[in-house]
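Asks:
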Amino acid sequence: MILQTPLIHVFPFEKGVVTSIPPYDAAVLNSDDVVALVRDPEAVRRAAADDVVVRRGAWAGGGDDVEKFLRWVVADLGRCSSVVVEHAEFGMYGSGYASYVDVFLSWRDGSGRVMEGERTEIRGFALALCRLAPVAALFGDVGISRSANGSSSRYLPTLELVRDNPVPGWEKACREVTGVLDRHGITVLDSTVLHTPVDPTISVETNLAAPPYTVFDAWFHWMD
Numbered sequence: 525m526i527l528q529t530p531l532i533h534v535f536p537f538e539k540g541v542v543t544s545i546p547p548y549d550a551a552v553l554n555s556d557d558v559v560a561l562v563r564d565p566e567a568v569r570r571a572a573a574d575d576v577v578v579r580r581g582a583w584a585g586g587g588d589d590v591e592k593f594l595r596w597v598v599a600d601l602g603r604c605s606s607v608v609v610e611h612a613e614f615g616m617y618g619s620g621y622a623s624y625v626d627v628f629l630s631w632r633d634g635s636g637r638v639m640e641g642e643r644t645e646i647r648g649f650a651l652a653l654c655r656l657a658p659v660a661a662l663f664g665d666v667g668i669s670r671s672a673n674g675s676s677s678r679y680l681p682t683l684e685l686v687r688d689n690p691v692p693g694w695e696k697a698c699r700e701v702t703g704v705l706d707r708h709g710i711t712v713l714d715s716t717v718l719h720t721p722v723d724p725t726i727s728v729e730t731n732l733a734a735p736p737y738t739v740f741d742a743w744f745h746w747m748d
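The sequence shown begins at 525 in our numbering and counts up one residue at a time.
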C-alpha cells in the first residue's frame, strides 16, 4: 500500500545527540510472555479497541508517557552507527489514530539514496513501535520518494511487508537496531506470530487490512 502525501517531515537524529526526555524503566517481558500476551484473546480484543494493554514502565502512565518514551527510543535509534532515522511518524499520517509509531531507517552513509531525475528515492527498512504494549514489527525493503516540487510518496506498514529479523541485506543494521530496542524492553515480533488469525468476532478499524484479521491488525492499525 502506498500513501501519497504533499509533504513528509523528516527528523534525522544525529549520532550522539542527547534529548531532554528521560528514559523509562520498560520492565522487560521475556519473549514467551510477549508471545502469550499478543495472542491472548482478551488482550487482542482490548488492543483492537485501542486500549493500552500493558500497565508497566511508560505504559503504566497515560498516553503522554508512552509518547515520550517512544520519542526517547527513536532518539536512541538515531544514534546507531550504521543507519539514520529518516522519518519518524508521530503525527498519525496527518489524521485519525495509529496504534504505532512508524520509523523509517536507511544507511547512514547515504547509499540508500537514489536520484531519478527530479525525484529522490530512499530505500531502507522500517519499524512500527506499538503504542499499546512494548512490542514492534519489522518491515523490509521499503522506501519513500520525494520530488523537487515537494510531493512525496511512501510505503504504509502492512502485514505483507513484515519481515523476520534480520532483514536480508540489512543484517548489521538490524542487529544494532534490535539491540537498542532490547535495552528499552521492546520485543520485535516475528512474522509467524503476527500472521496468527484472531477471533473472527473481533473487529479492527484499520485502513491497512480487511477481514479476516490477524494479530498484526489488532496491535498495528491505523484508521484515517
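Where is the CB? At the ideal position from N, CA and C, for every residue including glycine. These numbers were taken from a predicted model, which means no experiment stands behind them.
Nearest-angstrom Cα distance between S675 and A560?
Replies: For the purposes of this step, residue 675 is identified with residue 151 of the sequence shown, where counting begins at 1. For the purposes of this step, residue 560 is identified with residue 36 of the sequence shown, where counting begins at 1. When rounded, the distance between both Cα atoms is 42 Å.
Asks: Could you check the C-alpha separation between P736 and V568 for me, to the nearest Å?
Replies: Within the sequence shown, residue 736 is the residue found at index 212, counting from 1. Within the sequence shown, residue 568 is the residue found at index 44, counting from 1. Straight-line Cα distance between these residues: approximately 14 Å.
Asks: Helix, strand or coil for A733 per DSSP?
Replies: Locating residue 733 in the sequence shown gives position 209, counting from the first residue. Coil, per DSSP.
Asks: Mapping DSSP to helix, strand and coil, what is F535?
Replies: Indexing the sequence shown from 1 puts residue 535 at position 11. Residue confidence is low: F535 scores 34 on pLDDT, short of 50, so the model does not pin down where it sits. Its coordinate-derived value is still stated next. The answer is coil: DSSP assigns F535 none of H, G, I, E or B.
Asks: Since P740 contacts L683 with CB under 8 Å, what's their CB separation in whole angstroms?
Replies: Taking the sequence shown and counting its residues from 1, the one referred to as residue 740 is at position 216. Taking the sequence shown and counting its residues from 1, the one referred to as residue 683 is at position 159. For the record, residue 740 in the displayed sequence is Phe; it is not Pro. At roughly 5 Å, the Cβ-Cβ gap stays under 8 Å, so F740 and L683 are in contact.
Asks: Return yes when the Cβ of L662 is within less than 9 Å of the Cβ of V753, no when it is not.
Replies: The requested residue 753 does not occur in the structure, where the chain is confined to residues 525 to 748.
Asks: Would you decide whether G615 is buried or exposed? Buried here means 16 or more other CB atoms lie within 10 Å of its CB.
Replies: As a first step, residue 615 is located in the sequence shown; it is residue number 91 there, counting from the start. Here G615 is exposed. Its C-beta has fewer than 16 other C-beta atoms within 10 Å.
Asks: Roughly how many angstroms separate the alpha carbons of H533 and L629, rounded to a whole number?
Replies: Residue 533 sits at position 9 when you count from the first residue of the sequence shown. Residue 629 sits at position 105 when you count from the first residue of the sequence shown. Because the pLDDT of H533 is 35, which lies under 50, any placement of that residue in the model is unreliable, and the question is left without a value.
Asks: Identify every residue that forms a DSSP beta bridge with L651.
Replies: Numbered from its first residue, the sequence shown carries residue 651 at position 127. In the DSSP output, where bridge partners are listed per residue, L651 has V627 and L662.
Asks: Which residue marks the beginning of the alpha helix (DSSP H) containing A697, and which one marks its end?
Replies: Against the sequence shown, residue 697 aligns to sequence position 173. Segment E695 to R707, the alpha helix (DSSP H) holding A697.
Asks: According to DSSP, H745 sits in a beta bridge with which residue or residues?
Replies: Taking the sequence shown and counting its residues from 1, the one referred to as residue 745 is at position 221. H745 is not bridged to any residue.
Asks: In angstroms with no decimal places, state the Cα-to-Cα distance between I710 and D600.
Replies: Position 186 of the sequence shown, counted from the first residue, corresponds to residue 710. Position 76 of the sequence shown, counted from the first residue, corresponds to residue 600. So the alpha carbons of these two residues sit roughly 13 Å apart.
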